[in-house]
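Residue numbers (the numbering used here): 65 to 284.
A virtual CB, placed ideally from N, CA and C, is assigned to each residue, including glycine.
Take a look at the structure below.
Rendered as structure tokens:
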């Protein structure tokens, strides 16, 4: 699974620096070893070393390296390069690559915006249990995004993904599913007890999110 460093935005100047040492003399290691070392370097804030190591293993066909390298490039807004590496990982069935590529299609970054293509790749990642992809797909069904029409928003697939996202504690999905049990949406039987249980879970999730936001503000 790709390692993501929350809240870390790679400075463009640092990424430009790595382009100058892209083929720097780093001793050869197996792709998996380079991936581990590159991931550790990235977590430690050494983006130049991370990218040098990850590019070696990515170009050797190592899908997790391709995904993480793409993510770093994505955060630095090197969109064309990010799409290229996301795609390499995605065609190998790597969930982070699939989700990343789908997200680029959704945003129209590094590639022409294509909601249908975005949904295809995000759904592939979601089918593999990728949490962010599950939440994104559920949100698309809730909001009618990624080319999802009104009929699809209220169909069996919508319920499937909203339920899966709710099971993981995704607040919009909890709220949507609770409302569905109150109104009988998605063809569900009205169940006020189930609605109330989901609403309670949603309140708890909201409280956790608000506490986290407060702590971040205090740290600043």
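Proximity of residue 175 and residue 155 at Cβ, strictly below 7 Å
As a working mapping, residue 175 is identified with position 111 in the chain shown. As a working mapping, residue 155 is identified with position 91 in the chain shown. For residue 175 and residue 155, no; Cβs fall outside 7 Å.
Could you give the DSSP three-state label for residue 138: helix, strand or coil?
Within the chain shown, the letter at position 74 stands for residue 138. If DSSP states are grouped into helix, strand and coil, residue 138 belongs with the helices.
Does DSSP classify residue 210 as helix, strand or coil?
Translated into positions along the chain shown, residue 210 becomes position 146. Here residue 210 sits in coil by DSSP.
Quick check: the segment 247 to 254 against the segment 262 to 273, are at least 3 beta-carbon pairs closer than 8 Å?
Because the criterion of three Cβ pairs below 8 Å is not met, the segment 262 to 273 and the segment 247 to 254 do not touch.
Straight-line gap, residue 173 to residue 204 (C-alpha atoms, nearest Å):
Walking along the chain shown from the start, residue 173 turns up at place 109. Walking along the chain shown from the start, residue 204 turns up at place 140. Taking the straight line joining both Cα atoms gives about 18 Å.
Please return the same chain residues whose Cβ sits closer than 7 Å to the Cβ of residue 200, not counting the five positions on each side in sequence.
Against the chain shown, residue 200 aligns to sequence position 136. Hits under 7 Å: 186.
Rounding to the nearest angstrom, what Cα-Cα distance links residue 215 and residue 189 in this structure?
As a working mapping, residue 215 is identified with position 151 in the chain shown. As a working mapping, residue 189 is identified with position 125 in the chain shown. Approximately 23 Å, taken between the alpha carbons.
For a quick check, are the C-beta atoms of residue 169 and residue 181 less than 7 Å apart?
What you label residue 169 is simply residue 105 of the chain shown in a count that begins at 1. What you label residue 181 is simply residue 117 of the chain shown in a count that begins at 1. The answer is yes: Cβ separation under 7 Å.
Output yes or no for whether 7 Å exceeds the beta carbon distance between residue 125 and residue 114.
The residue you call residue 125 lines up with position 61 of the chain shown. The residue you call residue 114 lines up with position 50 of the chain shown. The Cβ-Cβ distance between residue 125 and residue 114 does not fall below 7 Å.
Tell me whether residue 177 sits in a helix, a strand or coil according to DSSP, three-state version.
Counting from 1 along the chain shown, the entry for residue 177 is found at position 113. DSSP places residue 177 in coil when its eight states are reduced to three.
Ends of the alpha helix (DSSP H) at residue 147?
As a first step, residue 147 must be located in the chain shown, where it is residue number 83. Judged by DSSP secondary structure, residue 147 falls within the alpha helix (DSSP H) whose first and last residues are 143 to 154.
CA nearest to the CA of residue 219, picked from 198, 106, 252:
Within the chain shown, residue 219 is the residue found at index 155, counting from 1. Of the candidates 198, 106, 252, the one whose C-alpha sits nearest the C-alpha of residue 219 is 252.
Apart from the five residues on each side of it in sequence, which residues of its chain come closer than 7 Å, Cβ to Cβ, to residue 149?
In the chain shown, residue 149 corresponds to position 85, counting from 1. The answer, listed in chain order, is 122, 130, 133, 134, 137.
Burial state of residue 207, where buried means 16 or more other Cβ atoms lie within 10 Å
As a first step, residue 207 must be located in the chain shown, where it is residue number 143. So residue 207 counts as exposed.
Exposure label - residue 257; buried when at least 16 CB within 10 Å
For this step, residue 257 is matched to residue 193 along the chain shown. By the neighbour-count rule (16 or more Cβ atoms within 10 Å), residue 257 is not buried but exposed.
Assuming contact is defined by CB atoms lying nearer than 7 Å, are residue 254 and residue 241 in contact in what I supplied?
Position 190 of the chain shown holds residue 254. Position 177 of the chain shown holds residue 241. Contact: no.
Using a threshold of 7 Å, state whether the C-beta atoms of residue 197 and residue 229 are closer than that.
As a position in the chain shown, residue 197 is number 133, starting the count at 1. As a position in the chain shown, residue 229 is number 165, starting the count at 1. Taking 7 Å as the Cβ cut-off, residue 197 and residue 229 do not qualify as a contacting pair.
For residue 89 and residue 119, what's the separation of their Cα atoms in angstroms?
Taking the first residue of the chain shown as position 1, residue 89 is located at position 25. Taking the first residue of the chain shown as position 1, residue 119 is located at position 55. For residue 89, the predicted model reports a pLDDT of 46, less than 50, meaning its position is unreliable; a value from the coordinates is still stated below. Their Cα atoms are separated by approximately 13 Å.
If the criterion is Cβ atoms closer than 7 Å, does the pair residue 153 and residue 171 meet it?
Here residue 153 is taken as the residue at index 89 of the chain shown, counted from 1. Here residue 171 is taken as the residue at index 107 of the chain shown, counted from 1. Taking 7 Å as the Cβ cut-off, residue 153 and residue 171 do not qualify as a contacting pair.
Cβ-based neighbour list, residue 236, same chain, cut-off 7 Å, excluding 5 preceding and 5 following
The count along the chain shown starts at 1 and reaches residue 236 at position 172. Excluding sequence neighbours, residue 236 sits near 203, 206.
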